[in-house]
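Quick note, in our numbering, the sequence shown goes up one by one and the last residue is 337. For glycine and all other residues, C-beta sits at the position ideal for the given N, C-alpha and C.
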Amino acid sequence: MTEQNTRLGIMLMVITTFIFAMQDGLSRHLAGEYNVLMVIMVRYWFFAAFVITIAARKAGGIRAAARTSQPRVQGFRALLLVTEICVMVLAFTLLGLVESHAVFACYPLLIAALSGPVLGEHVGWRRWAAIGVGFVGVIIILEPGFGVFQIEAVVPLLAALMFALYGLLTRYVAREDSAATSFFWTGTVGAIGITAVGIWFWEPMSAPDWAWMSLLCVTGALGHFTLIKCYEVAEASAVQPFAYLQLVFVTVLGVTVFGEAIRLNVALGTGIVVAAGLFTLWRQRQVG
């Protein structure tokens, strides 16, 4: 991998995190006005169309993209992701962008902790120590025992756990399936699953909000496109640390647009979680 490609990959990851942060802001607005399931359903319709279009343009077409020897795992991880998105958007409406993402930032630590039992990977004592330190940061964010713990904080924590399991299952299916196949199943099965539930919660939407919804759909597809290109030009281990910039962009958006406040314990805890996460990524690269 050349240095130029790594730089391009980093730039694409920064762009991707910015797009996803804007997507989260749009989701927070729309889910505050309409049912969460309906919002995610419409978003997934566009996502599925995007995935099918990409698959149709590649060699072998849709049939090649859909071919897998592990359909149950692929289907489960697709449904797991769409469920996680619903849970996380619900967290935005309960806690706001800043605190939801502060808790959600622990997901790389959960991936490291679960990689042993799920994938059979070895996790050394240094990474276990970093995982422990990271969860001290989560406890600082949640402030249990001080009379201010919000039960709503469990929602983004559940989303982080689900996303970590999704990430591990993605690595598991990658042993036999291509990234294009996993991407195809993610979009199509996810759309079918959320439609089966979300269609019952349809609400009329105003013209301005349809404009926001259209922008949400476009940012979703664009974000996945830039992420795919990012991993095409650079190694994942080189660009993954920059994914934490989404937390920065979301914080700026939450404070400036939605009037959210940054509590001291949230800032301190998030710093600890991010530092621990970066260390686990570094260790994984060293031993990988």
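Are residue i and residue j close, meaning C-beta to C-beta below 7 angstroms?
{"i": "VAL152", "j": "ALA202", "result": "yes"}
{"i": "LYS298", "j": "PHE67", "result": "In the sequence as presented, Lys is not what sits at residue 298; that position holds Phe. Yes, Cβ-Cβ distance for PHE298 and PHE67 is below 7 angstroms."}
{"i": "GLY269", "j": "THR65", "result": "no"}
{"i": "ARG220", "j": "PHE141", "result": "no"}
{"i": "LEU86", "j": "GLY247", "result": "yes"}
{"i": "PHE232", "j": "MET62", "result": "no"}
{"i": "LEU207", "j": "ARG126", "result": "no"}
{"i": "LEU302", "j": "GLY74", "result": "yes"}
{"i": "LEU163", "j": "VAL204", "result": "no"}
{"i": "ARG176", "j": "ALA161", "result": "yes"}
{"i": "MET211", "j": "LEU129", "result": "yes"}
{"i": "ILE243", "j": "MET137", "result": "no"}
{"i": "VAL88", "j": "GLU309", "result": "no"}
{"i": "GLU209", "j": "LEU159", "result": "Note that residue 209 is Ala in the sequence shown, not Glu. Going by C-beta atoms, ALA209 is nearer than 7 angstroms to LEU159."}
{"i": "LEU57", "j": "VAL267", "result": "no"}
{"i": "GLU252", "j": "ASN84", "result": "yes"}
Please classify residue i as buried or exposed, where buried requires at least 16 other C-beta atoms within 10 Å of its C-beta.
{"i": "THR329", "result": "buried"}
{"i": "PHE250", "result": "exposed"}
{"i": "VAL197", "result": "Note that VAL197 scores a pLDDT of 43, beneath 50, so its modelled location is shaky; the value from the coordinates is reported in the next line. Classification for VAL197: exposed."}
{"i": "MET50", "result": "For MET50, the predicted model reports a pLDDT of 40, less than 50, meaning its position is unreliable and no value from the coordinates is stated."}
{"i": "ILE321", "result": "buried"}
{"i": "SER149", "result": "buried"}
{"i": "VAL306", "result": "exposed"}
{"i": "VAL222", "result": "buried"}
{"i": "ARG92", "result": "buried"}
{"i": "THR132", "result": "buried"}
{"i": "PRO157", "result": "buried"}
{"i": "VAL288", "result": "buried"}
{"i": "VAL100", "result": "buried"}
{"i": "GLY216", "result": "buried"}
Would you report the Cα separation of residue i and residue j, rounded to the nearest angstrom?
{"i": "VAL122", "j": "CYS135", "result": "20 angstroms"}
{"i": "PHE195", "j": "VAL187", "result": "Reliability fails at PHE195, whose pLDDT of 48 lies under 50, so the model's placement of it is uncertain and the value that follows must be treated cautiously. Going from the Cα of PHE195 to the Cα of VAL187 covers about 14 angstroms."}
{"i": "ALA114", "j": "THR230", "result": "5 angstroms"}
{"i": "GLY326", "j": "THR319", "result": "10 angstroms"}
{"i": "PHE69", "j": "ALA256", "result": "23 angstroms"}
{"i": "ALA260", "j": "VAL182", "result": "43 angstroms"}
{"i": "ASN314", "j": "LEU191", "result": "8 angstroms"}
{"i": "ALA324", "j": "TYR293", "result": "10 angstroms"}
{"i": "GLN53", "j": "ILE59", "result": "With a pLDDT of 49 at GLN53, under the threshold of 50, the modelled position of this residue cannot be trusted, and the question is left open."}
{"i": "THR55", "j": "TYR280", "result": "10 angstroms"}
{"i": "GLY169", "j": "GLU225", "result": "16 angstroms"}
{"i": "LYS107", "j": "LEU265", "result": "26 angstroms"}
{"i": "THR300", "j": "GLY109", "result": "43 angstroms"}
{"i": "ILE180", "j": "GLY145", "result": "25 angstroms"}
{"i": "MET71", "j": "ILE241", "result": "25 angstroms"}
Could you please give the first and the last residue of the uninterrupted alpha helix (DSSP H) stretch that includes residue i?
{"i": "SER76", "result": "52-82"}
{"i": "GLU133", "result": "120-144"}
{"i": "ILE103", "result": "85-106"}
{"i": "CYS266", "result": "256-282"}
{"i": "GLN289", "result": "From DSSP, GLN289 is part of no alpha helix (DSSP H); its letter is neither H nor E."}
{"i": "ILE111", "result": "110-115"}
{"i": "GLY303", "result": "294-305"}
Check whether the Cβ of residue i lies closer than 7 angstroms to any Cβ atom in chain B.
{"i": "ALA324", "result": "The structure shown contains no chain B, having only a single protein chain."}
What are the complete alpha helix (DSSP H) segments, minimum 4 residues, inside the region 192-243?
-> Listed in chain order, the alpha helix (DSSP H) runs fully inside the region 192-243 are 203-222, counting runs of at least 4 residues.
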